[in-house]
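K.L.:
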Ligand code: SF4
Ligand code: SF4
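Numbering (our numbering), first residue to last: 24 to 118.
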């Protein structure tokens with residue numbers, strides 16, 4: 024795993040926005056880039072789960088804390104991860 028972390032310029036927190044982290048576990052190679060660069064440590068590599076290629080894949084541990092900086096999305100070499108932006112008002116209305 025990489026020892027140093029880059030600190031992204033985070034977008035200002037917006038109470039209007041909520042972010043969902045979507046990971047395609049079949050496509051993920053478990054390279055750890057996303058978790059190495061997440062400034063909030065929200066991603067881990069699964070210890071007991073494998074995909075069909077017998078690779079441990081990335082999982083989200085604290086999805087509600089995502090700041091939406093998209094650092095993970097930009098760095099993923101296999102395009103297995105993306106951030107879905109939701110309007111909190113829509114979420115509340117649909118619940
Ligand atoms: S978008 Fe969310 S999960 Fe991805 S690096 Fe930023 S804070 Fe972490
Ligand atoms: S950067 Fe992409 S391929 Fe690497 S562990 Fe994260 S989701 Fe998986």
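C-beta: ideal position from N, C-alpha, C; glycine also.
1. At which residues does the alpha helix (DSSP H) containing residue 96 begin and terminate?
2. If residue 88 and residue 65 are in contact, beta carbons under 8 Å, what's the gap, nearest whole angstrom?
3. Look at residue 99 and residue 56 and say whether their C-beta atoms are less than 8 Å apart.
4. Alpha carbon to alpha carbon, how far is residue 108 from residue 40? Give it in angstroms, no decimals.
5. Taking the straight line between their C-alpha atoms, what separation do you get for residue 44 and residue 60?
6. So, is residue 83 buried or exposed, given that buried needs 16 or more other C-beta atoms within 10 angstroms?
7. If you reduce the DSSP assignment to three classes, tell me which class residue 70 lands in.
8. Residue 107 by DSSP, collapsed to three states: which one?
P.N.:
In terms of the structure at hand:
1. Within the chain shown, the letter at position 73 stands for residue 96. From DSSP, the alpha helix (DSSP H) with residue 96 extends over 94–98.
2. For the purposes of this step, residue 88 is taken as the residue at position 65 of the chain shown. For the purposes of this step, residue 65 is taken as the residue at position 42 of the chain shown. Yes, residue 88 and residue 65 are in contact; Cβ-Cβ is about 6 Å, under 8 Å.
3. Residue numbering aside, residue 99 sits at position 76 when the chain shown is read from its first letter. Residue numbering aside, residue 56 sits at position 33 when the chain shown is read from its first letter. In contact: residue 99 and residue 56 (Cβ atoms closer than 8 Å).
4. On the chain shown, residue 40 is found 17 positions in, with the first residue counted as 1. On the chain shown, residue 108 is found 85 positions in, with the first residue counted as 1. The straight-line gap from Cα to Cα measures roughly 7 Å.
5. Sequence index remark: in the chain shown, residue 44 carries index 21 (1-based). Sequence index remark: in the chain shown, residue 60 carries index 37 (1-based). Roughly 15 Å between the two C-alpha positions.
6. Here residue 83 refers to the residue found at position 60 of the chain shown. It counts as buried.
7. What you label residue 70 is simply residue 47 of the chain shown in a count that begins at 1. Three-state result, residue 70: coil.
8. Working through the chain shown from its first residue, we reach residue 107 at position 84. Residue 107 falls in the strand class under three-state DSSP.
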